[in-house]
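The next block holds one structure in the form of structure tokens; read it before the comments.
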Amino acid sequence: MTVIGAVALALIILTIVMVLLLRRSIREKYAVMWLVIGLAVLVLGIFPGLLTWATALLGVQLPANLLFSLAIVLLLGVSLHLSWELSRAEDEIRRVAEESAILRAEVDTLSAKVERLTAERDTAGDDGDQDGQRKT
1 MTVIGAVALA LIILTIVMVL LLRRSIREKY AVMWLVIGLA VLVLGIFPGL
51 LTWATALLGV QLPANLLFSL AIVLLLGVSL HLSWELSRAE DEIRRVAEES
101 AILRAEVDTL SAKVERLTAE RDTAGDDGDQ DGQRKT
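Under the working numbering, the first residue of the sequence shown is numbered 1, with each subsequent residue one higher.
Structure follows, in structure tokens:
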């Protein structure tokens, strides 16, 4: 029964990852990790002796302890990677916000110049019309 449960879990993981990939809800670099996890669960489900062999090879007393240790290492790796990605995203957001502020300041400066030049042109045009009317 354990073999069927592990194979079912692996197939569920693989199916979910494939659906997310097709919907473009997950990036490929993250999907690869989940596909590897799904395939590892599938292999261990089909060949449970591999886990027992790895347990004996590494000197771990119980296969469950090895699974928990691997899960902890995997979670630490994912956490570290996501922290790195978050730091990069924060730096990019800060850079884009600074560029946006600089561009907004330039737009405001140019808008003020346009308004000033338009006002000067209108004032000069009004003065010229009044002078022209006085001469006739």
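We put the beta carbon where it would ideally sit given N, CA and C, even for glycine.
Here the structure is a predicted model, which is why all the values come from computation and not from measurement.
Closer than 6 Å by C-beta to residue i: which residues in its own chain qualify, once you throw out the five before and the five after it? Chain order, please.
i	result
leucine 35	Val17
threonine 136	A caution first: threonine 136 carries a pLDDT of 46, below 50, which makes its placement in the model too unreliable to give a value.
Mark residue i as exposed unless 16 or more other C-beta atoms lie within 10 angstroms of its C-beta, in which case mark it buried.
i	result
valine 41	buried
leucine 66	buried
leucine 51	buried
leucine 86	exposed
alanine 112	exposed
Among residues of its own chain, excluding the 5 on either side of residue i, which ones have a beta-carbon nearer than 8 Å to its beta-carbon?
i	result
arginine 134	Low local confidence applies: a pLDDT of 48 at arginine 134 is under 50, so the model's placement there is unreliable, with the coordinate-based value given in what follows. So the list is empty, once near-sequence residues are dropped.
serine 69	Val60
threonine 137	Within the shown structure, residues of the chain are numbered from 1 to 136, placing residue 137 beyond reach of any answer.
glutamate 99	none
glutamate 28	Leu21
Under 8 Å by Cβ, that's how I've got residue i and residue j pegged, so tell me the actual separation to the nearest angstrom.
i	j	result
glycine 45	valine 19	Contact flag wrong, Cβ pair sits at about 21 Å.
glycine 38	alanine 10	5 Å
leucine 21	alanine 31	5 Å
What does a CB cutoff of less than 7 Å around residue i pick up in its chain, not counting 5 residues either side in sequence?
i	result
alanine 6	Val41, Leu44 and Gly45
Can you give, in chain order, each stretch of the beta strand (DSSP E) that sits fully within the region 18-75 and has at least 3 residues?
none
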